[in-house]
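Quick notes on the structure that follows.
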Amino acid sequence: MADPRFFLTSPPKTLAELAEIAEATLADAACAGRRISDIATLEAAGAEQISFLGNRKYIPAFQASKAGACLVEPAFADKAPAGMAVLLCAKPRRGFARIAAAFHPEQASAPGIHPSAVIDASAEIGPGCRIEANVVIGPGVTIAAGTRIGANSVVERGVSVGENCIIGANVTLSYCLLGDRVLIASGAVIGNTGFGYDLDPTGRVKVPHLGRVLIADDVEIGANTTIDRGSGPDTIIGRGTVIDNLVMIAHNVQIGEGCIIAAQNGIAGSARLGNYVTFAGQVGVANHATVGDGVVAAGQTGITNNVPSGSIVGGTPAMPIREWRRLVGMQRLMLKKRQGKDVSE
Numbered sequence: 001m002a003d004p005r006f007f008l009t010s011p012p013k014t015l016a017e018l019a020e021i022a023e024a025t026l027a028d029a030a031c032a033g034r035r036i037s038d039i040a041t042l043e044a045a046g047a048e049q050i051s052f053l054g055n056r057k058y059i060p061a062f063q064a065s066k067a068g069a070c071l072v073e074p075a076f077a078d079k080a081p082a083g084m085a086v087l088l089c090a091k092p093r094r095g096f097a098r099i100a101a102a103f104h105p106e107q108a109s110a111p112g113i114h115p116s117a118v119i120d121a122s123a124e125i126g127p128g129c130r131i132e133a134n135v136v137i138g139p140g141v142t143i144a145a146g147t148r149i150g151a152n153s154v155v156e157r158g159v160s161v162g163e164n165c166i167i168g169a170n171v172t173l174s175y176c177l178l179g180d181r182v183l184i185a186s187g188a189v190i191g192n193t194g195f196g197y198d199l200d201p202t203g204r205v206k207v208p209h210l211g212r213v214l215i216a217d218d219v220e221i222g223a224n225t226t227i228d229r230g231s232g233p234d235t236i237i238g239r240g241t242v243i244d245n246l247v248m249i250a251h252n253v254q255i256g257e258g259c260i261i262a263a264q265n266g267i268a269g270s271a272r273l274g275n276y277v278t279f280a281g282q283v284g285v286a287n288h289a290t291v292g293d294g295v296v297a298a299g300q301t302g303i304t305n306n307v308p309s310g311s312i313v314g315g316t317p318a319m320p321i322r323e324w325r326r327l328v329g330m331q332r333l334m335l336k337k338r339q340g341k342d343v344s345e
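The numbering of the sequence shown is the numbering used here, which starts it at 1 and goes up by one.
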């Protein structure tokens with residue numbers, strides 16, 4: 001049960017309503033009128049709650065579950081325990097997410113500008129915006145309708161923020177243009193100067209960064225992530241890309257549409273990522289490397305050279321995932337031999 005101090009909970013819903021929300025089909029239409037009050041895990045769910053089976057390794061938990069209803073792929077429906085209503089769904093996890101959102105909708109924030117906010121007279125604030133305490137908005141800023149900016153955030157000169165964006169607390173936006181429905185979590189810094197120097201024995205000269213950060217519609221950026229502005233070319237984040245917490249994206253990087261970038265990734269200057277790239281945690285990309293469309297990189301992969309579209313890679317330097325797994329297996333085998341262990345273990 002979601003803590004009511006933090007989350008709204010909507011009234012109970014019938015299984016027929018939940019099936020429609022999840023784009024699922026009830027295995028037994030006679031259950032359509034049964035009412036469900038909330039969501040829960042397979043282990044914690046009771047008779048008035050709904051859960052889901054998203055991975056075959058949880059089949060034992062599914063078979064032992066006391067949930068009143070469960071979203072299940074058709075192939076596993078026959079493993080449901082007696083008394084459980086089954087909702088057949090091609091993508092149970094996605095269906096469960098839709099049901100969770102229906103039971104626990106986002107709390108609407110009342111529009112308005114807190115009296116402690118400091119807003120330059122030349123800034124344009126659209127209708128229905130919410131500007132919270134101690135926000136600072138600089139000259140020439142435009143913030144479109146329905147956007148929310150959290151406490152203590154700073155929006156510097158000339159920044160443009162699209163419609164229905166959510167900017168968390170303690171965010172700094174500079175030298176950037178945001179599309180619509182962009183979500184930026186607390187502590188993120190967008191548009192800071194990049195890390196660029198000309199070095200020789202006489203000292204260093206910092207290279208001016210005269211580009212911007214362009215963030216397309218429906219992008220999500222996690223807490224304490226930093227995205228540097230370009231040094232001349234812009235840094236670009238494509239439509240629908242999701243970036244996790246604690247990610248570093250350097251100057252001139254271009255990321256395509258629909259990418260998934262997990263926590264603690266570091267993407268060096270002028271790297272290029274195609275569309276629908278997926279990086280697990282702690283992936284590093286060297287400067288000027290190009291990663292093709294649809295590439296998947298395992299956790300802690302080090303990408304030092306270009307990666308062709310469609311590749312699945314791991315290891316450092318990055319190599320095809322099967323080669324990396326074989327290499328790890330060989331290293332373990334060699335270690336066992338050196339330790340005098342039975343290699344058949």
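Glycine included, C-beta positions come from ideal geometry on N, C-alpha and C. Given the structure is predicted, the values throughout are model-derived calculations rather than measurements.
- In terms of Cα proximity to residue 50, the closest of 30, 78 and 13 is 13.
- For residue 328, the enclosing alpha helix (DSSP H) covers residues 321 to 338.
- Between residue 238 and residue 211, the CB-CB gap reaches or exceeds 8 Å.
- Spatial neighbours of residue 154 in its own chain (CB-CB distance under 6 Å, excluding positions within 5 residues in sequence) are listed in chain order as 136 and 172.
- Three or more pairs of CB atoms, one per stretch, sit closer than 8 Å, so the segment 155 to 163 contacts the segment 172 to 185.
- In the DSSP annotation of this structure, the continuous segment of the beta strand (DSSP E) that includes residue 204 starts and ends at 203 to 206.
- Pairwise C-beta distances place the segment 218 to 236 in contact with the segment 246 to 253, as three or more of them are shorter than 8 Å.
- In this structure, the CA atom of residue 99 is about 8 Å from the CA atom of residue 39.
- In this structure, the beta-carbon distance from residue 281 to residue 299 falls below 8 Å.
- Scanning its chain for C-beta atoms nearer than 6 Å, with the 5 sequence neighbours on each side dropped, one finds around residue 116 the residues 133 and 134, in chain order.
- Here DSSP, grouped into helix, strand and coil, assigns residue 13 to strand.
- Uninterrupted alpha helix (DSSP H) stretches at least 4 residues long and entirely within the segment 76 to 136 occur at 92 to 103, given in chain order.
- A check of alpha carbon separations from residue 183 across 149, 331, 277 and 120 identifies 149 as the nearest.
- Burial of residue 84 is indicated by the presence of at least 16 other C-beta atoms within 10 angstroms of its C-beta.
- In the three-state DSSP reduction, residue 58 falls in the helix class (H, G or I).
- When the Cα atoms are used, residue 54 and residue 8 turn out to be separated by approximately 25 Å.
- In this structure, the beta-carbon distance from residue 144 to residue 188 does not fall below 8 Å.
- Membership of residue 69 in the beta strand (DSSP E) is indicated by the continuous run 69 to 72.
- Taking a C-beta distance under 8 Å as the contact criterion, residue 42 and residue 87 do not qualify as a contact pair.
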